[in-house]
Amino acid sequence: MSLQSKINPNKLPRHVAIIMDGNGRWAKQKGLLRTVGHENGSKAVREVVEACAEINIPNLTLYAFSTENWKRPKLEVELLMKLLINSLKKEISTLEENDIRLNAIGNLNALPKKAHNELIDVIEKTKSNTRMTLTLALSYGSREEITKTIKEISLKVKNNLISPSDIDESLINKHLYTRSLPDVDLLIRTSGEQRISNFLLWQIAYAELYFTDTLWPDYSKEHLFEAIINYQNRERRFGKTSEQLQN
Ligand code: IPE
Ligand code: IPE
Ligand code: MG
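So for the sequence shown, the numbering used here puts the first residue at 1; every next one is plus one.
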């Protein structure tokens, strides 16, 4: 029995988010440059995007570059931006074939102009696709997102457009980069690290967390299916008791 056939199509997560980590260590273990790790990481992206489309997961969000990643050596940052541009150019056909809409979250204005333009171009070209929304988190930091949200809401209060009593969870959601997405159901992090690294802090409030030692360039469809099966075997109680859920 294949792993894929063990997945229950009626209990799929609506939103899977992945912290794609371990490119550098993958390369180091093989005596290669970190950049080779990143190049192989792009291949894993395609695997996982196709796997999610195959099993009909409606939303996949990938952490590709954090606000903190700007602190990496200039050459590495430049390579990551170049890889982003190349992948967008190359993968547009994969997105079209699988009816996938591209979306992006983060401080996109901080991206180099070329990367920004390419990104907007692919977002525009795929905007009518409906099978799955693939969101890339680029120059994304959850604290930056929350700070921006607080500023925008304060300004509305100051200009008497809303009153403080109008501020609720739904209003906050509408100001986040993720406004069009449901909450994360399953958060996966590769490479053995067990931390969140400033990713979707608000949106993972009730997500199931799944950590695996596999390094990102080795991550395959089968690994993704394994994570989904693991998720489907958990009981999500949202504060209630097990008995309440069974009745
Ligand atoms: C993830 O791999 C890719 C990015 C953060 C852009 P890393 O580059 O963080 O790999 P490690 O953690 O050094 O192995
Ligand atoms: C998190 O990975 C960011 C991305 C995967 C894009 P890092 O490798 O940057 O995280 P830390 O710094 O080890 O927590
Ligand atoms: Mg890392």
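All residues carry an ideal CB built from backbone N, CA and C; glycine is no exception. Fair warning: this is a prediction, and the values are worked out from it, not measured in the lab.
query	result
Run through DSSP, which three-state label would Glu235 get?	coil
Inspect the beta-carbon positions of Thr190 and Met20 and report whether they are closer than 8 Å.	yes
Please work out which residues of its chain come closer than 6 Å, Cβ to Cβ, to Thr147, disregarding the five sequence neighbours upstream and downstream, and give them in chain order.	none
Any residue with its C-beta under 5 Å from a non-hydrogen atom of ligand 4 counts. Can you list them all in chain order?	Of the ligands one can find in the structure shown, namely ligand 1, ligand 2 and ligand 3, none is ligand 4.
According to DSSP, which residues form a beta bridge with Asn59?	His15 and Thr133
From which residue to which residue does the alpha helix (DSSP H) around Glu91 run?	Lys74 to Glu97
From Glu145 to Lys127, what distance separates their C-alpha atoms?	23 Å
With a cut-off of 8 Å, do at least 3 Cβ pairs link the region 226 to 239 to the region 86 to 105?	no
Verify whether the separation of the beta carbon atoms of Asn59 and Leu186 is less than 8 Å.	no
Under a three-way DSSP split, which group does Arg189 fall into?	strand
So the candidates are Arg34, Glu47 and Ser66; which of them puts its Cα closest to the Cα of Leu75?	Arg34
Quickly, what does DSSP pair Ile100 with across the bridge? List them, please.	Met132
Taking the DSSP output, what are the residues bridged to Ser66?	Tyr140
Once DSSP output is grouped into helix, strand and coil, what is the label at Ile172?	helix
Gly141 and Thr67: beta carbons closer than 8 Å?	yes
Could you tell me if Asn23 is buried or exposed, where buried requires 16 or more neighbouring beta carbons within 10 angstroms of its beta carbon?	buried
Identify every residue that forms a DSSP beta bridge with Leu209.	Leu187
Say the cut is 7 Å; is the CB of Asn59 nearer than that to a heavy atom of ligand 2?	no
Could you spell out where the alpha helix (DSSP H) holding Thr35 opens and where it closes?	Arg34 to Glu54
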